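Chemist: Heads up: take any position in the sequence shown, counting from 1, add 46, and you land on the numbering used here.
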Amino acid sequence: MKKLIIINGPNLNLLGTREPEIYGSLSFTEFLDEVKGKYPNVDIDYYQSNVEGELINKLQEVGFSYDGIILNAAAYTHTSVAIGDAINAIKTPVVEVHISNTFSREEFRHTSYISPNAKGVILGFGLQSYELAIQSFI
Ligand code: DQA
């Protein structure tokens, strides 16, 4: 059984209530239950933190044993050299995802410290971006 983890960065714990016109009105736990039901043959873990160092600790913890990491680093995408470095330092491939199309938004969201080190990038499909990332690993 493939072992994947979804890692969500800051403010994504508020999905469902946070700017629903951009991020939708489904909570991540509701979405995750649904997606886990659809892929019973994939082991999908979930981790969320608002703290940059905790995201790096998690990447290091899972990055030598899991089959795939699905990472939405949220705002840290656009600022974190350290998360970009962590992806290079581990063995497990990382697929970068975003709910919104960051290229159709403010200019500062057009830069990603994750993309150069990611296996691939999926963005702009709402929560379905995560499902597409799961499919990329199976
Ligand atoms: C986001 C896009 C980021 O620019 C933003 O800071 C987020 C969410 C997305 O999933 O669309 O928090 O990563």
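Just so you know, even glycine gets a beta-carbon here, dropped at the ideal spot from N, CA and C. Keep in mind it's a predicted model, so treat the numbers as computed, not measured.
1) Compute the minimum distance between the beta carbon of histidine 124 and the heavy atoms of the ligand DQA, and state whether it is under 7 Å.
2) CA-CA distance, arginine 151 and tyrosine 122?
3) If we count the other Cβ atoms within 10 Å of its Cβ and call it buried at 16 or more, is asparagine 118 buried or exposed?
4) Which term fits serine 111, buried or exposed, when burial requires 16 or more other beta carbons within 10 angstroms of its beta carbon?
5) Check the C-beta distance from tyrosine 69 over to isoleucine 145 and give it rounded, since I have them as a contact under 8 Å.
6) Asparagine 103: which of His156, Glu76 and Ala128 sits nearest, CA to CA?
7) Using a Cβ-Cβ cut-off of 7 Å (strictly less than) and excluding sequence neighbours within five positions of leucine 173, which residues of its own chain qualify?
8) Out of Phe154, Gly83, Ala164 and Glu98, state which residue places its alpha-carbon closest to the alpha-carbon of isoleucine 116.
9) Once the 5 residues before and after asparagine 57 are set aside, which same chain residues still bring their CB inside 8 Å of it?
Modeler: Quick answer:
1) yes
2) 16 Å
3) buried
4) exposed
5) 5 Å
6) Ala128
7) Gly70, Leu72, Phe77 and Ile145
8) Ala164
9) Arg64, Asn96, Ala120 and Ala121
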